[in-house]
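The listed protein sequences correspond, in order, to chains L and C.
For the first sequence, position 226 (counting from the first letter as 1) is numbered 226 according to my numbering, and the numbering increases by one without interruption.
If you count the second sequence from 1, you need to add 1000 to reach my numbering.
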Amino acid sequence: MKILIASFNLSITEILIIALLVFVVVLLFVTIVLFNAFKITLKAQNNPQPYHKYDAPLPLAYEDWLKQKKSKPNIWTKLLSLKPIEKEEELIIPHAYDGIHELNNPVPTWFNVLFYGSIIFGLGYFYYYHVGEYGPKQDQEYENEMVQAATDKKIFLAKSGEKYDESSVKLDQNLIVSGKQVFNTNCVACHGEKGQGTVGPNLTDEFWLHGGSIASIFKTIKYGVPAKGMVSWEKNLSAKNIAELSNYILSLNGTKPANAKAPQGDVYKEESAVDTIGNGNTTKQ
Amino acid sequence: MQPDKFYYDNKIVRNFAIATIVWGIVGMTVGLLIATQLYSPSMNMGNQYTTYGRIRPLHTNAVIFAFVGNAIFMGVYYSLQRLLKARMFSDLLSKIHFWGWQLIIVAAAITLPLGLSTSHEYAELEWPIDIAITIIWVIFGVNMFGTILKRREKHLYVAIWFYIATFVTVAVLHIVNSFELPVSIFKSYYVFAGVQDALVQWWYGHNAVAFFLTTPYLGMMYYFLPKMANRPIYSYRLSILHFWALIFIYIWAGPHHLLYTSLPGWAQSLGVAFSIMLIAPSWGGMINGLLTLRGAWDKVRDDVTLKFMVVALTAYGMATFEGPMLSLKSVNAIAHFTDWIIAHVHVGALGWNGFLTFGVLYWLIPRIYKTTLYSKKLASFHFWIGTLGILFYAIPLYWAGFTQGLMWKEFTPEGLLKYANFLETVTRIIPMYIMRSIGGAFYLSGVIVMAYNLFKTMRAGKLISNEAAEALPLIKEANEPGEFWHRRLERKPMTFLVLSLIVILIGGMVEMLPTFFISSNVPTIASVKPYTPLELQGRDLYIKEGCVGCHTQTIRPFRSETERYGEYSKAGEFVYDHPFLWGSKRTGPDLQREGGKYSNAWHYNHMMDPRTMSPGSIMPAFDWLIDQKLDTTNTAAKINAMQTLGVPYPNGYAEIANKDLDKQAKAISANLAIDKIKVGSDREIIAIIAYLQRLGTDIKNKPSK
Chain L
1 MKILIASFNL SITEILIIAL LVFVVVLLFV TIVLFNAFKI TLKAQNNPQP YHKYDAPLPL
61 AYEDWLKQKK SKPNIWTKLL SLKPIEKEEE LIIPHAYDGI HELNNPVPTW FNVLFYGSII
121 FGLGYFYYYH VGEYGPKQDQ EYENEMVQAA TDKKIFLAKS GEKYDESSVK LDQNLIVSGK
181 QVFNTNCVAC HGEKGQGTVG PNLTDEFWLH GGSIASIFKT IKYGVPAKGM VSWEKNLSAK
241 NIAELSNYIL SLNGTKPANA KAPQGDVYKE ESAVDTIGNG NTTKQ
Chain C
1001 MQPDKFYYDN KIVRNFAIAT IVWGIVGMTV GLLIATQLYS PSMNMGNQYT TYGRIRPLHT
1061 NAVIFAFVGN AIFMGVYYSL QRLLKARMFS DLLSKIHFWG WQLIIVAAAI TLPLGLSTSH
1121 EYAELEWPID IAITIIWVIF GVNMFGTILK RREKHLYVAI WFYIATFVTV AVLHIVNSFE
1181 LPVSIFKSYY VFAGVQDALV QWWYGHNAVA FFLTTPYLGM MYYFLPKMAN RPIYSYRLSI
1241 LHFWALIFIY IWAGPHHLLY TSLPGWAQSL GVAFSIMLIA PSWGGMINGL LTLRGAWDKV
1301 RDDVTLKFMV VALTAYGMAT FEGPMLSLKS VNAIAHFTDW IIAHVHVGAL GWNGFLTFGV
1361 LYWLIPRIYK TTLYSKKLAS FHFWIGTLGI LFYAIPLYWA GFTQGLMWKE FTPEGLLKYA
1421 NFLETVTRII PMYIMRSIGG AFYLSGVIVM AYNLFKTMRA GKLISNEAAE ALPLIKEANE
1481 PGEFWHRRLE RKPMTFLVLS LIVILIGGMV EMLPTFFISS NVPTIASVKP YTPLELQGRD
1541 LYIKEGCVGC HTQTIRPFRS ETERYGEYSK AGEFVYDHPF LWGSKRTGPD LQREGGKYSN
1601 AWHYNHMMDP RTMSPGSIMP AFDWLIDQKL DTTNTAAKIN AMQTLGVPYP NGYAEIANKD
1661 LDKQAKAISA NLAIDKIKVG SDREIIAIIA YLQRLGTDIK NKPSK
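Quick look at the structure:
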C-alpha cells in the first residue's frame, strides 16, 4: 500500500479527499437505488397487482432470424447507398440478355462525389500550372533544387572545415590507407588491382600522360580526360576522397607489379614527391 | 410468331481457349526466364537469341497479344453470340481470324529473338506483321459487326459496348503507332521522331493497356460474372456513366509515362489531370462487378470460378487506383524507371487479366463440353498458388522499386551522390529479384495445373460444336416515345460505333496535333546534327539488341540525375531520332550522355564481358558483336529513308555514305589498337561503340562549329 501511495506521490489529505469523493459517489448511487425501491413499494401498496409469470418469446427459426437481421441496413449498405436486397424486385429492369438482368440502382452518391471531385481537381491542377501559371515549371523546379543544394553544401563545408582542391592539395601519408579503399572500389576496373594498367595507363611507373605532381593527379581524377577515356570523378567522389586517392596513387610509384603496361607519356620527377613518398623511389633513375 | 432455330459456334470458342492456355504457358515461361536473367546473367545462355534484350519483348508480346488476345477472342465469341441470339456472322471469317492471329504470334516468336524490332514498347513487330495485324483485326471487326447486324436482340448489352469501343480504339491506336517507312522487308523507321514519337508511342502504350487489357475484360466481366453468380448487374445507370467516362478520359492519360521528360509541360499536365479523373470511371467497373455479387457471397466461398473473379476485380481496383497515384509528379519522380512500375503492371496483368481469364476458362470449358470440371481440388489449388504467386511477385518488387528509387536520389552532406556507382543500387535489390522469380514460378505452376485440369475435363466430355438455340426474330419497330436516350442508342450499333470513335479521338488529337504542328513545342538546337552512317548503323544495332529494355535515354531535370548523368535532356536533341529511344526502365544507368564518358576500349571490354569492367554487373555479354560483320549493304537505303523523313543529309550522300562509315570505323579500330585490342573495323562492335560515343554530345559543341 505504502509503495502504491508513494508511487502516486499523494499526501494523506489527498488520499482522504479521494476516499471522500468515492464515498459520495457510492452514496449517490445507493440513494438512487433506495429512492427507486421506495417508489415501487409505494406504488404496489397503493395499487396491488397479482403476480404473474414472465413468458419468454419463442426462439426464432434460423431462416426467420436471418430475414429479420438482413432487413436492418448495416453500415456498408448505408455507405454504399444500397437499397435492401429484398426490395431488389422493384429495381429489376424487365428485359434480360441471355438471362442476365440489370438493376436500375442509382449511381452511388459517393461515386459521384469521387467522380466530379476528381474532375474539379483535374481542372484546378491544369489551371494552377498552365493558365494561372502559379506552380513552377519543371526547369524552374530544377533551378530551385540546385540553388538549395548549393547553399546546403556551402553551409556544410563551412562547418566541417575540410577543404581540398587542386590548388591546395598536399602530399599526406595519412591519407594513403583510405586512398587504397577508394582505389579498390573505383579504379581497378581500368587501372588494374595493383595499378599496373589494363584499359587505363600504368600508374606505377614514372611516366605520366597528364602530369605526375599531386596537384596534376588530383586534377586528372577530378575533371577526367574525356578524350582519352578517363572519367571525371568530381560527381562521384568527394574532394577528400580524391585527395586520398591521389596520395595513394603516388605511393604506388615504383612498385613494379607483374604484367605492367608499357609506359605512356613523359617522365615526371619532382623532388618533393620523391622525398615524401619514401618507398624505394630513390633507387629509380 | 415462330421462333428461329439456330446454333451457337462453340468450336471457335474452344480453339481460342486452347490457344489462350498454350500461349499463356509459353509467354509466362519466357517471363520466368527473363526474371532469372536479372540476377543470373548466365541464364542468357550465351547466345544472342535468348538474351534478355531480345526476349523481353517476346514475353510482353506473348502475354499481351497471345495469351490475353486469345482470351479476349474466346470471351467475345462466346458471349457475343449469346447476347445477340445469333451465330457468328461468318464461320469462314472466324476461322481466318483464328489462324491469322496464331500465325502472327508465330511470326512474332520468330522475328523477335532474331532481333527484328521497331523498339516501340508492345509494338516491336516489324511492318509486314503490323499490316497482317491490321488485316486480321479488321476481319474480327467485320465478323463482330456482321453478327451485331443480324442479331435477334433489339438492344446491345453493356458487354457489347465495351467490345465495340475495344475494336475501334485498338484499330486507331495500332494504325497511328505503325506509321513506319520501310527500309527493307524486315526494317523500317518510324515517321515521327523524338518527342513526337514518344508522345505517339505512349499514347499507344497507355491505351493498349486501356483498350486491350481493360475494356474487353470489363465487357467479359459484365457477361460472365452475372452468369456465374446468377445475379443481376447492380446498376445500369452506373454502366452508362462509367463506360463513356472511361473511354473518353483514358485516351488523354498517355503523357503520364513521360513526366519530367522534354515533352511540353502542358501535355504532361494533361496526362496527370486526366489520370486522376480516371479513378472513378475505372472503379465504376469494379463496384458494378462487386455489387453484382451482393447476396451471392456465400457462393464465392464454394465456387472457385467466383473466387478468381473476386480477386481479379480487386486487383483491377488496386491497379487502377495506384495508376493515378503514380501519375502524380512527386510520386512519379521516385517510382518511374524502377521496378515499382513492373510490380504495378503485374498486379494488373497477373491479377486482373490472368485471374479473370482463369475464371472464365473454368466456367466455360465444362459448359461447351457438357460435363463437369475434372477436379475442383486442383482448381482450388490453382487459385491459392496463383494468389500466393501474385503476392510473392508484387511485394518484393514494390520494395525493390522503392529502395532503388530512393537510393538514386540520396545525397551525402558533402553534396555528392551517396550511391554514385549505379551498380550499388542494383546489387542491393538482387534478393528481391530472386523472390520475384519464385512468385512467378508459383503463378506459372498454377497455370500448368489448370491446363492439366482442363484437358482432363475436355477428354471426359464431348465438345458441343454447334449448340442449338432459338429466339424470336427481330422486328423493326419505330422509335418508342419516351424512350431513354441511351436505350435508343443501344438499338443503333453504327451510331454507337461512330460516337465512340469520336469520343476516343478527342483526347489524342488535342495532345498530338499541337505537339506536331506548333514548333515552339520542340525548340530546335543548332548544334544537333544527324548521325553519321556508322552511328546510324550502331543505333540500329542498339535497337536490335533491345538495349532500350534496360537503359533509358532521357535525363530528368533533377539534381540527382544531372549529377549522375549530366545535363538534363532537351526536346531539340531528339529531332533526328527515328524512333525515340527514351525507354521506360532503368535496370542499367541512363545512356543519354554516354558519349565520351568512357574510352572505346572500356566499351569494347564491357560489351565482351560486362563483369570485367563492372564486377557484379547483371548486364548480359554481347560478345557476338565482336564476331559479326556489320552489314553495310543497306547503308544507302537507310540514309535515303532518313532523308525522306526529313533528316538533312546532303543530296546524294547515300551513295558515298559507306566511305565515311569506313573512315570512322577505321579510326575507332586504330584507337582500340592503342590499348592492344585487335578488332577489324568491319565488326558490329565498332558501330555500336561509335553510336554510344556520340550519344548526348551534340549540345556540348558550340553552335558556330
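Built from N, CA and C at the ideal position, the CB exists for glycine as well.
As the structure is a computational prediction, the values presented were derived from the model and not from experiment.
From the options, pick the residue whose C-alpha is nearest to that of residue i; which is it?
| i | options | result |
| --- | --- | --- |
| residue 182 (chain L) | L:163, L:233, L:138 and L:137 | L:233 |
| residue 200 (chain L) | L:16, L:76 and L:264 | L:264 |
| residue 1701 (chain C) | C:1445, C:1306 and C:1527 | C:1527 |
| residue 102 (chain L) | C:1234, C:1132, C:1134 and C:1183 | C:1234 |
| residue 97 (chain L) | C:1531, C:1471 and C:1594 | C:1471 |
| residue 1492 (chain C) | C:1332, C:1145 and C:1132 | C:1145 |
| residue 1490 (chain C) | C:1151, C:1140, C:1020 and C:1001 | C:1151 |
| residue 1580 (chain C) | C:1549, C:1133 and C:1564 | C:1549 |
| residue 125 (chain L) | C:1189, C:1328, C:1587 and C:1050 | C:1328 |
| residue 1422 (chain C) | C:1295, C:1590 and C:1433 | C:1590 |
Suppose contacts are defined by Cβ-Cβ distances below 8 Å. Is residue i in contact with residue j by that definition?
| i | j | result |
| --- | --- | --- |
| residue 1222 (chain C) | residue 1168 (chain C) | no |
| residue 1711 (chain C) | residue 197 (chain L) | The requested residue 1711 (chain C) does not occur in the structure, where chain C is confined to residues 1001 to 1705. |
| residue 1153 (chain C) | residue 1218 (chain C) | no |
| residue 1035 (chain C) | residue 1437 (chain C) | yes |
| residue 294 (chain L) | residue 1287 (chain C) | Any question about residue 294 (chain L) goes unanswered here, given that chain L covers just 1 to 285. |
| residue 1165 (chain C) | residue 1129 (chain C) | no |
| residue 1410 (chain C) | residue 1419 (chain C) | yes |
| residue 1506 (chain C) | residue 1247 (chain C) | no |
Taking its Cβ as the centre, do 16 or more other Cβ atoms sit within 10 Å of residue i, making it buried, or is it exposed?
| i | result |
| --- | --- |
| residue 1283 (chain C) | buried |
| residue 1053 (chain C) | buried |
| residue 271 (chain L) | Its pLDDT being 49, under 50, residue 271 (chain L) is placed unreliably by the model, and the measurement read from it follows with that caveat. Under this definition residue 271 (chain L) is an exposed residue. |
| residue 1046 (chain C) | exposed |
| residue 1200 (chain C) | buried |
| residue 279 (chain L) | Note that residue 279 (chain L) scores a pLDDT of 42, beneath 50, so its modelled location is shaky; the value from the coordinates is reported in the next line. By the 10 Å Cβ count, residue 279 (chain L) comes out exposed. |
| residue 1005 (chain C) | exposed |
| residue 1485 (chain C) | exposed |
| residue 1684 (chain C) | buried |
| residue 258 (chain L) | exposed |
| residue 20 (chain L) | exposed |
| residue 89 (chain L) | exposed |
| residue 139 (chain L) | exposed |
Excluding sequence positions up to five away, which residues of its chain have a Cβ less than 7 Å from the Cβ of residue i?
| i | result |
| --- | --- |
| residue 1124 (chain C) | 1057, 1061, 1112, 1117 and 1118 |
| residue 1426 (chain C) | 1618 |
| residue 1523 (chain C) | 1571 and 1572 |
For residue i, collect the residues of the same chain with a Cβ closer than 8 Å to its Cβ; drop the 5 residues on either side in sequence, then sort them by chain order.
| i | result |
| --- | --- |
| residue 1077 (chain C) | 1009, 1012, 1013, 1016, 1088 and 1094 |
| residue 1279 (chain C) | 1320, 1321 and 1324 |
| residue 1637 (chain C) | 1183, 1184 and 1654 |
| residue 1593 (chain C) | 1555, 1565, 1566, 1567, 1695, 1696 and 1697 |
Looking at the secondary structure, which residues open and close the alpha helix (DSSP H) in which residue i lies?
| i | result |
| --- | --- |
| residue 183 (chain L) | 176-186 |
| residue 1298 (chain C) | 1297-1302 |
| residue 168 (chain L) | Careful: residue 168 (chain L) lies outside any alpha helix (DSSP H) and carries neither H nor E. |
| residue 29 (chain L) | 12-46 |
| residue 145 (chain L) | 138-160 |
| residue 1197 (chain C) | 1194-1208 |
| residue 1005 (chain C) | Premise fails: residue 1005 (chain C) lies in the beta strand (DSSP E), 1004-1009, not in any alpha helix (DSSP H). |
| residue 253 (chain L) | Per DSSP, residue 253 (chain L) belongs to no alpha helix (DSSP H) and is neither H nor E. |
| residue 1070 (chain C) | 1069-1084 |
If you follow the beta strand (DSSP E) that residue i is in, where does it begin and where does it stop?
| i | result |
| --- | --- |
| residue 1183 (chain C) | 1180-1184 |
| residue 1682 (chain C) | Residue 1682 (chain C) -> no beta strand (DSSP E), and no H or E assigned at all. |
| residue 1188 (chain C) | 1187-1190 |
Which residues in the same chain have their Cβ closer than 6 Å to the Cβ of residue i, if we skip the five residues on either side of it in sequence?
| i | result |
| --- | --- |
| residue 11 (chain L) | none |
| residue 286 (chain L) | Nothing can be reported for residue 286 (chain L): it is not among the residues displayed for chain L, which extend from 1 to 285. |
| residue 1382 (chain C) | 1446, 1449 and 1450 |
| residue 1577 (chain C) | 1193 and 1194 |
| residue 1041 (chain C) | 1618 and 1620 |
| residue 1370 (chain C) | 1461 and 1464 |
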